[in-house]
Amino acid sequence: MTVENLKALESLNEFRLTDAEEQKAMDVFAFMENEAAELQSIDTENTDVMVHCMPMTNVFREDVREQAFTRDELLQGAPEHSEDSWIVPRLVK
Amino acid sequence: MDYFVTEIDRAGTVAVDDTILVKGYETKAGSHILDGFVPLFSSDAVERLLKAGCTLRGKTHTGEFGLDLVGETSYHGVCKKADGTLSSAAAEAVAAGEVKQALCVDVNGAPRRGAALSGVDFLKPTYGTVSRYGIIPTACSGEQVGVCASDAEGVKEILSVIAGHDGKDGTSLPAEKYEYSADKDIAGMKIALVKELYDASEDAVKAAMDAYSAKLRKAGAAVEEISLPDVKAYATAWQIMLSAETCNNISRYDGVKFGYRTPTYKDIDELYVNSRTEGMGFTAKMNVLYGSDVLSKNRYMSCYDKSLRIRRLASEKMKEVFAGFDAVLCPAMSGASVAEYDLAETFEKTAKELLFTTVPNLTGIPAMVTCGVQLWAAAFGESTLLSIAGAMERSAN
Amino acid sequence: MKYEVVIGLETHVELSTKSKIFCACGGHSEANEPNDCVCPACCGMPGMLPVTNRHAVELAVQAGIMLNCKINQYATFDKKSYYYPDLPCAYQITQWFHPICTEGYVDVPTKSGTSRIGIKQIHMEEDAGKLVHDDWADVTYVDFNRTSVPLIEIVSKPDFRSAEEVLNYLDKLKSMLRFGGISECEEGAMRCDVNISIRPEGTEELGVRSEIKNMSSLASIERAIKYEVARHTDALERHTETLVQETRRWDDMKNRTFAMRNKETAADYRYFPDPNLMPVVVDDAWLAEIKNSMHATIEEKTAEFTGMGLSAQDIASLVSERKLCDIFDAVVASGRKPTDTAAWILTDCAGILRRGGKVIGELDIAPEALSYIIGMVDEGKINRGVGKKVLSAVIEKGVSPEQYIKEQALDAKVDESLILETVRNVLTENTKAVADYLGGKEKALQSLFGGCMKVLRGKGDPAVIRELLVKEIEKLR
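Here's what the structure looks like:
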């Protein structure tokens, strides 16, 4: 991990670290990169991925409409909203 | 010590941690970024508790998104035991008799460590037996709601209430109801002691393990040492998945729809960046950064895909173990106590402790902490865990 | 040098389900106001979990069958991460690793014959929300009604060699998917990303590619392709610029494309399998069930109608809308003659709609009502003119034909003596017409007949009226 790459990751994830935090993050990356490198010695050539630890298939809901919440309830906790929408700073200038 | 971030009913007997939604009560998962978030519905587990006539005492402190050792990264502050060392608020509340039981989300073993540190029981059931509907998600592929209580009977009582199929959770297993017992005969049971984990623990823990093994033998169970040579790789694989899934799940907290929004911004980029910078602690951010890295194009195959394959190897390995044994015995963590420490170290400290707690999260099997030690069983082997724990607890009295 | 244009399309189509793909909210097309069809899941609140809508999968599979695709027996849902205010969770659930359909094709008619366009894959995903920018208040409003509406993305191979092929392909997709009940394909519900490059004619290697994002109007697509071909050609011939692989957007006002800023396009989407959604396995039994439940294709329906003796023009009109075929089929199934039914729909209904400024595609009539009216006319209980009047009332006012006929007493039996009396009166009052007729002007009979009909106000069997009229007038010879 380089500082440049770290800053790119911060930007991709929409936050900033302080300089001290970046220093610490570099240590953590070095630590985890070591750990991850050890994984490579494990032979997984003939092993498929396992996304779900208790696998099932075809879990569905039927195509039924239900409106259990009102717009007002959902907007209630919004940091900024109009009577029918969430509000953010104008995107297209 | 104040165990609760939100009080619900002083007469209540069950606590839930702050990652479990209770309709109408602010829920923050220990994070500033969820300031003011009041859920519009309760989790399935809470609904089942209320339907069964249980009353909720309040919501206990949890570390930010449950990513730390025992809750020390909570935005509300650290929970300390009387001697000044750390434990989890839920386990302490149970130990102090403030509540009979507590529900906690187990994603990285934190509730198990808390139970070990406070001398109470915690059981993380088989993945898919308790609905995850209504819990604040971090690592969906391995997190599960578990029960903390002072003894096995107390765990069983609540687990029987909250377990069962829920159509609102697509990973919920089909069984409508589970019957658990805590009094199966343990004489003749075969219990495997994991050499690598025993060796990795401190002397105080080894002593507790030795004492527990001796008691098990006395009760007629056989304890044999086994080896899980790749257990460290399992822990790394789970750390990779845990960070990646967390990164993805907590990216929704951006100051737009609910929760905390920075007071200073002039465009959407600043709104995002400042809200998230101010709203999340270092450990959460560190998980996001690492999780983002392992999912990136260049690292996906060597890290994330590799980890998904290691999950299968771990799962197969545990099937093999449980073909010969009824349960596995191992420490719940490296030491017997946790002193206060610099929270910049949380990610690494927690990553190291995953060695002891990963296998149940990674492979979905149930795990139980009791008398300061940890037991694992095959999927749906909760009754085995409860019975071993129950027998040992009864013999202690 | 002569250049060949190479185009590939990614076409997003909304599926016609009642509810969203991963939650039970209704689709956005039914919403009147912003954020009418939302729940905690579609506004990014934590705690709800996605559960896949079975019907959305079935529609995606049907689309795959229509486009001659391989239906994969193992499909997954995966997460794609990026930040934008219309994406409430900051991830979109899509199918990255294992899409539901792969390797198909569609034959597209062109001036010079037919072009076969390869389909690389069809995958399912959830739509994003809608943003409304307000210049006055200097804010953007966020509307999550469309969030999580099911989409399929149809990814073509780079097989298009002209704008004509692109437009005809989109036309064909639209009519196929509409007719098949897969998608309404309403305005804006079908959106394209156009990948375009040029290369010297006769060469194989692909040129530098531009991707024009999010196009929804055919006219704009055509203009954008023309613009890009000219821009690429200028770059290669006259070195006006160095082409780079990039994402561009079309500006309809300025009539040109613009490169999108880096941040919008350089994102690493960090795809990974969604742990909350189990794989979809379309086994042979389910596939057969899905096939059975499919609507007939336009080609199949055309063949069926041809067998019923309908004219080619009537058939073309009927198959322009699935709804017309459904009405036609139901009316015919109730025992009415196919040719009559076609005439009632395509002449009478169409005429009534046209009068109200509507087109036949907007016909909204219960097949039972139409069948009832046709039956009343066939049985002679009302005449055709009255039938048409009833039809107007049914279409325009939504009344029940049975009740309307009763209320207006349109089916009242007209006494033969009343007809006879009317005929005699008309003959007495129109001596000139009578004289004309008797003098050999056969046409005069028509005006006398019209006179009788007018007096009787449309009631009475026209055949009976005519018969009596002729009998009475002949008596005057």
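Protein chains in written order, with this note's numbering: chain A, 27 to 119; chain B, 1177 to 1573; chain C, 22 to 498. Backbone N, C-alpha and C fix where the C-beta goes; we use that ideal spot for every residue, glycine too. Quantities reported herein were computed from a predicted structural model and do not represent experimental measurements.
Going along the chain, which unbroken runs of the alpha helix (DSSP H) with 4 or more residues stay wholly within the stretch 1332–1393 of chain B?
1371–1376
Can you give me the C-alpha to C-alpha distance between D482/C and D369/C, rounded to a whole angstrom?
20 Å
Could you tell me which chain A residues have their CB closer than 9 Å to the CB of K39/C, listed as they occur along the chain?
D89, V90 and R91
Beta-carbon of N1450/B versus every beta-carbon of chain C: anything under 9 Å?
no
Under 9 Å, do F279/C and D289/C count as touching if we go by C-beta distance?
no
For L1197/B, return the contacting residues in chain C, with the cut-off set at a CB-CB distance below 7 Å.
G68
Mind checking if R167/C is an interface residue toward chain F, Cβ cutoff 9 Å exclusive?
This model lacks chain F altogether; the protein chains it does include are A, B and C.
Along chain A, which residues have their Cβ under 7 Å away from the Cβ of K1482/B?
L65 and T70
Mapping the DSSP letters down to three states, classify P483/C as helix, strand or coil.
helix
Cβ distance (whole Å) where E1319/B is taken to contact V1283/B below 8 Å:
4 Å
From A1572/B to M1385/B, what distance separates their C-alpha atoms?
15 Å
Fully enclosed by the stretch 1454–1517 of chain B, which alpha helix (DSSP H) runs are 4 residues long or longer?
1458–1471 and 1482–1500
Assigned secondary structure, S136/C (DSSP; H/G/I helix, E/B strand, else coil):
strand
Starting from S341/C, trace the beta strand (DSSP E) in both directions and tell me its first and last residue.
No beta strand (DSSP E) holds S341/C; DSSP gives it neither H nor E.
Residue-level contact to chain C via CB, S1563/B, 9 Å cutoff:
no
Look at the alpha carbon of E400/C and the alpha carbon of I426/C, and state the distance between them as a whole number of angstroms.
14 Å
Length of the line joining the Cα atoms of T135/C and V129/C:
5 Å
In terms of residue numbering, what span does the alpha helix (DSSP H) encompassing D98/A cover?
R97 to Q102
Taking the alpha-carbon positions, what's the K247/C to A184/C distance?
8 Å
Beta-carbon gap between E493/C and L441/C smaller than 9 Å:
yes
Classify Y95/C: buried if its beta carbon has 16 or more other beta carbons within 10 angstroms, exposed otherwise.
exposed
By the criterion of Cβ-Cβ separation under 7 Å, what are the contact partners of R291/C in chain B?
S1468, L1471 and S1472
Start-end ranges of the alpha helix (DSSP H) lying completely within the stretch 423–454 of chain C, minimum 4 residues:
437–450
Identify the residues that DSSP records as bridge partners of Y393/C: which are they?
Paired residues: none, contrary to the question.
Using a Cβ-Cβ cut-off of 9 Å, state whether G47/C counts as contacting chain A.
yes
Use the C-beta contact count for D1244/B: other C-beta atoms within 10 angstroms, 16 or more gives buried, fewer gives exposed.
buried
K577/C in three-state terms, based on DSSP:
Past the edges of chain C, shown from 22 to 498, lies residue 577/C, and the structure says nothing about it.
Helix, strand or coil at N189/C [DSSP, three-state]
helix
Sorted by chain position, which residues of the same chain lie with C-beta nearer than 8 Å to K1493/B's C-beta, five sequence neighbours on each side aside?
L1404 and D1406
Tell me the rounded alpha-carbon separation between R270/C and E35/C.
21 Å
Could one say the Cβ of Y1309/B lies closer than 9 Å to chain C's Cβ atoms, at least one of them?
yes
Once DSSP output is grouped into helix, strand and coil, what is the label at H76/C?
helix
Less than 8 Å between the CB atoms is what I'm expecting for V1370/B and S1510/B, so what's the real figure, rounded?
Incorrect: roughly 13 Å between the Cβ atoms, too far for contact.
So does the stretch 1431–1443 of chain B actually touch the stretch 59–74 of chain C, counting three or more Cβ pairs closer than 8 Å?
yes
Where I113/A and Y162/C are concerned, what is the direct C-alpha to C-alpha distance, given to the nearest angstrom?
5 Å
Closest to N53/C by CA distance: which of K234/C, S332/C, D164/C and C110/C is it?
D164/C
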